[in-house]
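Residue numbers (the numbering used here), protein chains in the order written: chain A, 92 to 251; chain B, 2 to 611. All C-beta atoms in this analysis are idealised placements derived from N, C-alpha and C, irrespective of residue type, glycine included. Everything below concerns the one structure shown next.
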């Protein structure tokens, strides 16, 4: 088991090295570089911060401050399905809170948490820009419209 | 690219798609909305079904295309069949089969997918009430073109404004036209666009930049997303014109990470525009060169503020800074920068083509042109609308939006997002202009309009926005970072029934303090939702203080014991008990203040404290 973990780590580090190598060594590329790593690996690892720091000549602490400033970046690996419940004004007015509660109930986790099997992760969004279909839920970027409480089970069933 | 080549491309494409414009065309075209809204309602599947059914029925001369947003998101997916222009709503995959069988094979309208199924004679978009008062400039064309095909944009006279600007106008003449048009920033603050360009043009620098703010962060606003998804070339053309006017050769679009479809389409559009030589080196054979790049945001609301956006563009934390220097003097990488919002740019090609004077005659007073609004919340027709400035809120909500669903009463409309305000019923006849809104403590914002009905608690709405601000405050300045948190604490205290009149006064004082002392525009406007609800719905805040008792004591009527004498109803100071004589009465818990008068007066012990 331990060998496997190390293997995973190694291939992850290789991937980071490859990504970082392709980036121009221009400090303004920092966010772009982080975005690629986030989308490929699902999180920003300590190794990634170090590699970027060397390449772009930005201190690790500055990179850390950027990573923690933007909500898109996460320091922990993301779950397989990221369920984002929109709590924008339109969704809120039309009962998005209840939808969120139902997800919490069904998955047994709170906002910002992951299920033990790393399959589902629940987060809230401030507006997905689909207010015409409120309340809206996004799963790994796919938009589900008019997701009232009773649609929650349907969505989860589709994912399982 | 030369003018001749552009014209040839246009004429050629116009012939191919003449069904969209010519009622007597011998071709047919099915246009399916492919914006995020309709896509999430499965519009991609519709395209497949249409194609399959057309093949099955062996129909010729019919093409199926995806198109930009129709605005009526509530009734999506939307499909239009040209050349008749038949407007179908809520089309399901089965519906698509039916449209092929009824409409295309038999030549009859598939009436059960019309906007109003009870009026089968009203088949076109122009028959739909939603569109009657609208006027399209920024969104002009989006429903006629396939956003992924540059030729569709060219067919609708795309890139002719850029040609006109580059070959017949000097940079200062372009700026004059924009100034003459009276166009003001559509991102919220309403600064005159022409003046902004003039200030940047004046600066002497080796490098200048043109930036498009597509970080549409206001919850309830989606006009910029829709414009980019539907008509990306319009933004490219406008930014090139801006580049020419101010002397910049590089443009950036700062796009919100939450809008993947918009990014995909804009990226494709930039590649196509380069391929046709419409941006890049020596555009239209002139000396003017212009390149464009997309930079993606990473999820921070504050990056909609211009100085924060520029920091983020440079790869840094998106924190605002004090102004001056303004971006026109020192913007991205310290170079003079002109920064406008998506919708502002979307007006530019029309202004150049038709002249600033033409544009200045639309609208009201110092607010010229049209404004796109994203209408949502408790309103029948949610979606995107565009209409001349100066239209009233009543026209928007009731004539276009169709009013409040489920027979509920209108209570308020939230305009301008977290920086905006809630306006009550007696402000419904207010003309929507920058100045009229500002006079009433609101602001245009980016154009989100969220309708609230009688069930909405205004204090809850204020709390919602404060939670948003607390989450999204960048933390650089204390009034915004700590002040708003204190406001939220006071609101929570009030909502828990532990508040006092002093708390309401404190809310007001602290709000003004935050307004006056915050660093950036977001902080300065962050208490607006609290201040406007306090101004127009103070009674709801005060009711929370009376509620203190209510939370301690709740009364209900035991239906088995109540004989319906109405004594309690007469004794109730807030008239919250009602019913028919000789039948059990009922207490409206929403209104009840828990005084206990009813229990004291009831002779039958029918009222119980729970």
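Can residue 383/B and residue 223/A be called in contact, C-beta distance under 9 Å?
-> The beta carbons of residue 383/B and residue 223/A sit closer together than 9 Å.
With a Cβ-Cβ cutoff of 9 Å, do residue 91/B and residue 114/B count as a contact?
-> With contacts defined by Cβ atoms closer than 9 Å, residue 91/B and residue 114/B form a contacting pair.
Just tell me which of 115/A, 198/A, 235/A has its CA closest to the CA of residue 213/A.
-> Checking every option, the nearest Cα to that of residue 213/A belongs to 198/A.
Whose C-alpha, out of 269/B, 273/B, 342/B, 352/B, is nearest the C-alpha of residue 183/B?
-> Measuring from the Cα of residue 183/B, the nearest candidate turns out to be 352/B.
Tell me, please, whether the CB atom of residue 92/A is closer than 9 Å to any CB atom in chain B?
-> Confidence in residue 92/A is poor, its pLDDT being 48 and thus under 50, which makes the residue's placement unreliable; the coordinate value appears in the next sentence. Judged by the 9 Å Cβ criterion, residue 92/A is not in contact with chain B.
Quick one: which residues of the segment 248-260 of chain B get their C-beta closer than 7 Å to a C-beta of chain A? List them in chain order.
-> Flagged, chain order: 258, 259, 260.
Chain B beta carbons: is any one of them nearer than 9 Å to that of residue 161/A?
-> So, interface residue.
Against chain B: residues of the segment 112-126 of chain A by CB proximity under 9 Å = Cβ contacts with chain B: 117, 118, 119, 120, 121, 122, 123, 124, 125, 126.
Residue 352/B, enclosing alpha helix (DSSP H) - first and last residue | Annotation for residue 352/B: the continuous alpha helix (DSSP H) segment containing it runs 343-355.
Can you have a look at residue 312/B and say buried or exposed, based on whether 16 or more other CB atoms are within 10 angstroms of its CB?
-> Buried, because 16 or more other Cβ atoms sit within 10 Å of the Cβ of residue 312/B.
Could you tell me whether the Cβ atoms of residue 449/B and residue 286/B are closer together than 9 Å?
-> It is not a contact, given that the beta carbons lie outside the stated cut-off.
Look at the Cβ atom of residue 217/A, then the Cβ atom of residue 473/B, and state whether they are nearer than 9 Å.
-> For residue 217/A and residue 473/B, yes; Cβs fall inside 9 Å.
For residue 175/A, the first and last residue of its enclosing beta strand (DSSP E) | Per DSSP, the unbroken beta strand (DSSP E) holding residue 175/A starts and ends at 172-177.
Using a Cβ cut-off of 7 Å, pull out every chain B residue sitting near residue 223/A, in sequence order please.
-> Correct list: 38, 74, 75, 377, 383, 384.
Scan the segment 176-195 of chain A for residues whose Cβ lies nearer than 9 Å to a Cβ of chain B and list them as they occur along the chain.
-> Along the segment 176-195 of chain A, going in chain order, the ones with a CB nearer than 9 Å to a CB of chain B are 177, 178, 179, 180, 181, 182, 183, 184, 185.
Spatial distance of residue 592/B from residue 583/B (CA atoms) = C-alpha separation (whole angstroms): 23 Å.
Could you spell out the range, first to last residue, of the beta strand (DSSP E) harbouring residue 371/B?
-> Here the beta strand (DSSP E) through residue 371/B covers 371-378.
Any alpha helix (DSSP H) of 4 or more consecutive residues that is wholly inside the segment 30-88 of chain B = Here the runs fully enclosed are 37-41, 44-57.
Identify each residue in the segment 403-426 of chain B for which the Cβ-Cβ distance to at least one residue of chain A is less than 7 Å, and report them in chain order.
-> For the segment 403-426 of chain B, the beta-carbon criterion of a distance under 7 Å to any beta-carbon of chain A is satisfied by 415.
When you compare only the Cα positions, how much space is there between residue 527/B and residue 457/B?
-> Cα to Cα, the separation comes out at about 21 Å.
Starting from the C-beta of residue 297/B, find all residues in its chain whose C-beta is less than 6 Å away, skip the five residues before and the five after it, and write them out in chain order.
-> Apart from sequence neighbours up to five positions away, the residues of its chain that approach residue 297/B with a beta-carbon distance below 6 Å are 256, 258, ordered along the chain.
Does the beta carbon of residue 220/B come closer than 9 Å to any beta carbon on chain A?
-> True, the Cβ-Cβ gap to chain A drops below 9 Å.
Got a sec: which bits of the segment 205-219 of chain B sit with their beta carbon under 8 Å from any beta carbon on chain A, in order along the chain?
-> Taking 8 Å as the Cβ-Cβ cut-off against chain A, the residues of the segment 205-219 of chain B that qualify are 217, 218, 219.
Counting only runs that start and end within the segment 546-595 of chain B, where is the alpha helix (DSSP H) found for 4 or more residues in a row?
-> Qualifying alpha helix (DSSP H) stretches, in chain order: 568-572.
Apart from the five residues just before and just after residue 438/B, which ones in its own chain have a Cβ nearer than 6 Å to its Cβ?
-> Here the set comprises 444, 445.
Should residue 605/B be labelled buried (16 or more other beta-carbon atoms within 10 Å of its own) or exposed?
-> Exposed, since its Cβ has fewer than 16 Cβ neighbours within 10 Å.
Spatial neighbours of residue 171/A within its chain, please: CB distance less than 7 Å, with the 5 preceding and 5 following residues excluded, ordered by chain position.
-> Cβ within range, chain order: 209, 210.
Which partner residues does residue 298/B have in the DSSP bridge list?
-> None, per the DSSP bridge assignment.
Under the three-state DSSP convention, the category residue 474/B falls into = Three-state DSSP puts residue 474/B in coil, outside helix and strand.
Backbone secondary structure at residue 602/B - three-state DSSP = DSSP, read as helix, strand or coil, puts residue 602/B in helix.
Residues of chain B with CB under 7 Å from residue 219/A, in chain order?
-> Here the neighbours are 259.
Between the C-alpha atoms of residue 323/B and residue 344/B, what's the straight-line distance to the nearest angstrom?
-> Straight-line Cα distance between these residues: approximately 25 Å.
Would you tell me roughly how many angstroms separate the C-alpha atoms of residue 629/B and residue 371/B, rounded to the nearest one?
-> Within the shown structure, residues of chain B are numbered from 2 to 611, placing residue 629/B beyond reach of any answer.
From residue 115/A to residue 125/A, what distance separates their C-alpha atoms?
-> The straight-line gap from Cα to Cα measures roughly 13 Å.
Every unbroken alpha helix (DSSP H) within the segment 188-271 of chain B, with a cutoff of 4 residues, ordered by chain | Uninterrupted alpha helix (DSSP H) stretches at least 4 residues long and entirely within the segment 188-271 of chain B occur at 194-203, 224-231, 233-247, given in chain order.
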